[in-house]
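Residue numbers (the working numbering), protein chains in the order written: chain U, 1 to 216; chain B, 217 to 489. Yeah, the Cβ is synthetic: ideal placement off N, Cα and C, and Gly gets one too. The structure displayed is predicted, hence computed values, not measured ones. Below is one structure, written out as structure tokens; comments come after it.
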Amino acid sequence: MEWTMILTKLGEGMLVSIEIFAWTLLLSLPLGLLVAFGRMSGNVFLRGFVKFYISVMRGTPLMLQLMVFYYGPFLLFHVSLPGGYRFIAVLIGFLFNYAAYFAEIDRSGMESIPKGQYEAAAILGYSKAQAFRKIILPQMVRRTLPAVTNEMITLVKDTSLAQVISVSEMFLAASAIAAKEASMLPLFAAGIFYYVFNYLVALSMEWAERKLSYYR
Amino acid sequence: MDRTKHVGRVKEKMMVMEIRHMQKSFGNRKVIRDLSLNVEEGQVTAVIGPSGSGKSTLLRCAALLDPMDSGELLYLGQHAAVTNADGKVVYAHRKKMKEIRSSFGLVFQNFNLFPHYSVIRNIIDAPMTVQKKSREEAYWAGRKLLSRMGLSDREDSYPYQLSGGQQQRVSIARALALNPKILFFDEPTSALDPELTGEILEILRDLAAEHRTMVLVTHEIEFAGNVADQMVFMDDGAIVEQGSPNEILNHPKQERIKTFLNSLKRRRKGICY
């Protein structure tokens, strides 16, 4: 294979990895918040259901979950889905998995806000929604930022799991070329890609933490 | 006690808050036992009594932070809570509750300022968010309150940059910004270093002098005696005696009050002011 060809293939894989990362982050953060509300709900059934969902998502391998979401519709319900579903299945798997982790982070963040903050907001007449949006959420975001950074870094590396349902992200592309060319170089390139990606993630999250540390 | 401030008001005074037969337990522990209390417009009520006597719980139930177990609660003649025939407490519906909530404010012992908001934002956010005031209107009202609190130069500071006394002054300004009909103070000086209590008491004295309706739960007995129109002594979840500060502090009928006042005197000597 020519170098230009190799680079194109790696570049395509890289884009897929970045796409998985971006979509997962964009969707699972708000979904995680919703799940956290369910987890803390006063409704016993909702709370129990959400707790079960979180424990399954955290207690089984993401790789397995991806396979279930991809093969499940056909093997369980005999529904065949178009070829584009492969990528959708990846996103669904990542979304549900990461929302579960983010939910627990959000919950711990909410519970770490002193009760007095909720009470002060109630006395001043804020509705529950207003109090959450204006008083609780901003403080919660700051407190959970380090934990969210951890998850983001894991997510960057987890994108390589999409290969189990043959989505050719960075890792699958690199290992295919490495096998064909009998060379370690593509794998090195993949390693460098993940490292640089995570370096940028850490850098921007550090910046965000600094931005939010204007108060104590 | 100088009562001249009520001379000239012929009209019957409005009850700002009425508590009737309030009961509250935490588990098996009865914290409030059949307590009734009225607060008239323009009146300063001081609630004193030993720790654990239920003073703060009374205030928290009145401010709707804790639900009461039975009894009635009224603001400006409107029911916030009633006990129905089954003995269950029923609170007013959301819309009415919102209106009722706007009639009182509360200053907390440990301020509970919003740490992520600047001083001025702490004061003007509720008027803007809750009362839908314009930014300008809220801001100028907020500036006025800040200057009254002697904090004009701290507008852009954050709570963590202020002393405890300054933080408590901001939280008083925050409560005043909503113009409540009645203001509750839950031991407003208890979290402060002794040398900082004076600045808060001075503000409370000012507020009392303008006939703001206030209920003050405090350990500052002497101060309470100076500013209050009515004084309530609580012990074990009930009002032991109620009357003018002079009656309670100088001529208490109940032995419990004498014991309490004596123990305070002894403690004060021990600390050696």
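Cβ-Cβ distance between residue i and residue j below 9 Å
i: M284 (chain B); j: I248 (chain B); result: yes
i: A440 (chain B); j: M447 (chain B); result: yes
i: P343 (chain B); j: G321 (chain B); result: no
i: F401 (chain B); j: V431 (chain B); result: yes
i: E288 (chain B); j: T299 (chain B); result: yes
i: F193 (chain U); j: S17 (chain U); result: yes
i: I105 (chain U); j: E151 (chain U); result: yes
i: M233 (chain B); j: L253 (chain B); result: yes
i: I464 (chain B); j: I316 (chain B); result: no
i: L95 (chain U); j: L31 (chain U); result: yes
i: S387 (chain B); j: F327 (chain B); result: yes
i: M10 (chain U); j: I177 (chain U); result: A small correction: the amino acid at residue 10 (chain U) is Leu; Met does not occupy that position in the sequence shown. Yes, the pair counts as a contact, with Cβ atoms nearer than the cut-off.
i: L145 (chain U); j: F21 (chain U); result: no
i: P404 (chain B); j: Q384 (chain B); result: yes
i: A262 (chain B); j: L280 (chain B); result: no
CB contact below 9 Å: residue i versus chain B
i: L203 (chain U); result: no
i: G72 (chain U); result: no
i: A174 (chain U); result: no
i: R216 (chain U); result: yes
i: A122 (chain U); result: yes
i: G32 (chain U); result: no
i: I125 (chain U); result: Position check: residue 125 (chain U) holds Gly in this sequence, whereas Ile was assumed. It does: the Cβ of G125 (chain U) has a partner Cβ on chain B nearer than 9 Å.
Buried/exposed call for residue i, threshold 16 Cβ in 10 Å
i: Y376 (chain B); result: exposed
i: R142 (chain U); result: buried
i: K302 (chain B); result: First, the residue type needs correcting, since residue 302 (chain B) is Asp and not Lys in the sequence shown. D302 (chain B) is exposed by the Cβ-count criterion.
i: G414 (chain B); result: exposed
i: G13 (chain U); result: buried
i: Y333 (chain B); result: buried
i: G270 (chain B); result: buried
i: M217 (chain B); result: Annotation note: pLDDT 46 at M217 (chain B) (below 50); position unreliable, coordinate value reported separately. Result: exposed.
i: A182 (chain U); result: exposed
Straight-line Cα distance separating residue j from residue i
i: L408 (chain B); j: I123 (chain U); result: 22 Å
i: R482 (chain B); j: K397 (chain B); result: 38 Å
i: L172 (chain U); j: F87 (chain U); result: 14 Å
i: W207 (chain U); j: V148 (chain U); result: 14 Å
i: T24 (chain U); j: G191 (chain U); result: 21 Å
i: S41 (chain U); j: E169 (chain U); result: 38 Å
i: L275 (chain B); j: Y215 (chain U); result: 31 Å
i: L26 (chain U); j: A36 (chain U); result: 16 Å
i: K469 (chain B); j: N478 (chain B); result: 14 Å
i: I34 (chain U); j: F330 (chain B); result: For the sequence presented, residue 34 (chain U) should be read as Leu rather than Ile. Going from the Cα of L34 (chain U) to the Cα of F330 (chain B) covers about 24 Å.
i: I339 (chain B); j: Y118 (chain U); result: 16 Å
i: G243 (chain B); j: G268 (chain B); result: 15 Å
i: R107 (chain U); j: Y101 (chain U); result: 10 Å
i: A424 (chain B); j: V443 (chain B); result: 6 Å
i: L480 (chain B); j: E436 (chain B); result: 10 Å
i: L64 (chain U); j: H78 (chain U); result: 19 Å
i: R421 (chain B); j: V305 (chain B); result: 36 Å
i: A354 (chain B); j: S363 (chain B); result: 14 Å
i: D218 (chain U); j: S204 (chain U); result: Because chain U is modelled from 1 through 216, residue 218 (chain U) falls outside the range shown and cannot be assessed.
Contact with chain U by residue i, beta-carbon distance below 9 Å
i: R370 (chain B); result: no
i: P404 (chain B); result: no
i: P283 (chain B); result: no
i: Y355 (chain B); result: no
i: L322 (chain B); result: yes
i: Y374 (chain B); result: yes
i: A424 (chain B); result: no
i: Q383 (chain B); result: no
i: V346 (chain B); result: yes
i: A278 (chain B); result: no
i: R317 (chain B); result: yes
i: N442 (chain B); result: no
i: L432 (chain B); result: no
Near the ligand MG: residue i beta-carbon under 8 Å from a heavy atom
i: F52 (chain U); result: Annotation note on the ligand MG: not contained in the displayed structure, which lists no ligands.
Cβ of residue i within 9 Å of any chain A Cβ
i: F330 (chain B); result: In the displayed structure, chain A is absent; the protein chains listed are U and B.
Going along the chain, which residues of the region 128-161 of chain U sit with their C-beta nearer than 8 Å to a C-beta in chain B?
Within the region 128-161 of chain U, contact with chain B at the beta-carbon level (separation under 8 Å) is assigned to Q130, K134, I135, P138, Q139 and R142.
Can you give me, in chain order, the residues of the region 293-314 of chain B that have a beta carbon less than 8 Å from any beta carbon in chain U?
Against chain U - using a Cβ distance shorter than 8 Å - the residues of the region 293-314 of chain B are K314.
Near-chain B residues of the region 95-119 of chain U - C-beta to any C-beta below 7 Å:
Taking a C-beta cut-off of 7 Å against chain B, the contacting residues of the region 95-119 of chain U are G116, Q117 and E119, listed in chain order.
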